[in-house]
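Here is the structure we will look at, set down as structure tokens.
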Amino acid sequence: MSETLVTQAILLRSVATGEADRVVTLLGRSTGKVAALARGARKSTRRFGGGLGLGATGEATVRDRPGAELAWLEAFEVSQGRHGLGSDLGSTAHAGYVSELCDQLCAPRQPEPEVYDRLLGFLDALDARGPHAARLRAFEAGLLGSLGFGIGFDACVACGRRDLDETVRLDTIRGGVTCPACARGGSPLSPQVRTALDRFGRMTLAEAEAMDLPREINAACRNALGELLALHLTRPLKSLEFLRKLQGH
14 MSETLVTQAI LLRSVATGEA DRVVTLLGRS TGKVAALARG ARKSTRRFGG
64 GLGLGATGEA TVRDRPGAEL AWLEAFEVSQ GRHGLGSDLG STAHAGYVSE
114 LCDQLCAPRQ PEPEVYDRLL GFLDALDARG PHAARLRAFE AGLLGSLGFG
164 IGFDACVACG RRDLDETVRL DTIRGGVTCP ACARGGSPLS PQVRTALDRF
214 GRMTLAEAEA MDLPREINAA CRNALGELLA LHLTRPLKSL EFLRKLQGH
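Residue numbers (the working numbering): 14 to 262.
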């Protein structure tokens, strides 16, 4: 028996199929990630709010189809279309990247309201104020933490030492940073980079925007968070190559 679900949702991905349909991936606040077929979406402006663009936010009505890989997207009442994202390359790159991250890292039908709220807040800030490097770092660190993939940067994972005032190593196998005495390899992190990563894991997106983040510290944090994210990805991110072409991401 089919079940109809109504949820606040963010569009993560949309792919054209057939003559007028789309296969969409939504992150629903109460449903988690859902893949659905939107019949006639490329022609209908009534059921789908005039479009299904990247990051569009609204109320989705989804009907399950027992035994089918895709649900039906019966309607999507868009409250925020985010049409302005396409007018700025940086905003487009950031929106595509965070959406693809959530698409890959969130398990199907597993509600993640904290992830939903973080993504919504990120897209709202992107709409209002454009791309911001520290905000993106805070999103990455917060996403890892919300999904249970985060690690601590405040103590050596091997011996527990906390007075880490020298270069440490990022040990992805042991799930943390190691002091010089315990290090078995891994990417080096200066005290400034380790401190920034620790802060990113605990701060809000608004706090990140107020942070003074030097370019070299951002680059090192980006690389470290990229290593951690890569551990949980099933395939390379298509959006990452575009993002890397933009300075200061």
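Where is the CB? At the ideal position from N, CA and C, for every residue including glycine.
Measuring CA to CA, which of the options is closest to residue i?
i, options, result
"R2", "L149, R228, D211 and T38", "Given a span of 14 to 262 for the chain in the structure shown, any question on residue 2 remains unanswerable."
"E125", "T44, A171 and A154", "T44"
"L86", "G143, A106 and S27", "S27"
"G66", "E32, A22, N236 and R78", "A22"
"G53", "T74, D77 and A88", "A88"
"D101", "T74, S15, G143 and D176", "G143"
"G31", "R55, V47 and V19", "R55"
"C180", "V170, Q205, G163 and H107", "The sequence shown places Thr at residue 180, rather than the Cys named in the question. That would be Q205, whose Cα lies nearest to the Cα of T180."
"D9", "V36, S104, R131 and D130", "Residue 9 cannot be examined here, being either before or after the span of the chain that is shown, 14 to 262."
"G109", "A81, A69 and A29", "A69"
"A168", "R187, G80 and D225", "R187"
"G219", "R148, D176 and K258", "Gly is not the amino acid found at residue 219; the sequence shown has Ala there. Taking only the C-alpha atoms, the option nearest A219 is R148."
"G36", "E16, F61, S15 and R42", "Rather than Gly, the amino acid found at residue 36 in this sequence is Val. Answer by Cα proximity: F61."
Helix, strand or coil: how does DSSP classify residue i here?
i, result
"L177", "coil"
"T105", "helix"
"T17", "strand"
"R197", "coil"
"I230", "helix"
"A223", "coil"
"G214", "coil"
"G239", "helix"
"L250", "coil"
"T191", "strand"
"L98", "helix"
"L259", "coil"
Hey, would you say residue i sits closer than 9 Å to residue j, going by beta carbons?
i, j, result
"T191", "E240", "no"
"A151", "A194", "no"
"L118", "L242", "yes"
"R215", "G198", "no"
"D34", "L50", "yes"
"H145", "A154", "no"
"A210", "C234", "Note that residue 210 is Leu in the sequence shown here, rather than Ala. The answer is yes: Cβ separation under 9 Å."
"L136", "T74", "no"
"H245", "L160", "yes"
"A84", "V128", "no"
"F6", "L202", "The chain is shown only over 14 to 262; residue 6 falls outside these bounds and no answer can be derived."
"I164", "L156", "no"
"R212", "M224", "yes"
"E82", "T20", "no"
"L40", "L132", "yes"
Should residue i be counted as a contact of the ligand GDP given a C-beta to heavy atom distance under 8 Å?
i, result
"R235", "This structure lacks the ligand GDP, and indeed carries no ligand of any kind."
- Complete beta strand (DSSP E) runs within the stretch 29 to 96 (minimum length 3 residues, chain order): 34 to 41, 45 to 51, 70 to 76 and 84 to 93
- Task: For the stretch 107 to 183, list the alpha helix (DSSP H) runs that are entirely contained and at least 4 residues long, ordered along the chain.
- Result: 126 to 142 and 146 to 159
- Query: Below 8 Å, can you find three or more Cβ-Cβ pairs linking the stretch 82 to 99 to the stretch 229 to 246?
  - Reply: no
- Message: When you compare the stretch 248 to 255 with the stretch 109 to 116, are there three or more beta-carbon pairs, one atom per stretch, that lie closer than 8 Å?
- Response: yes
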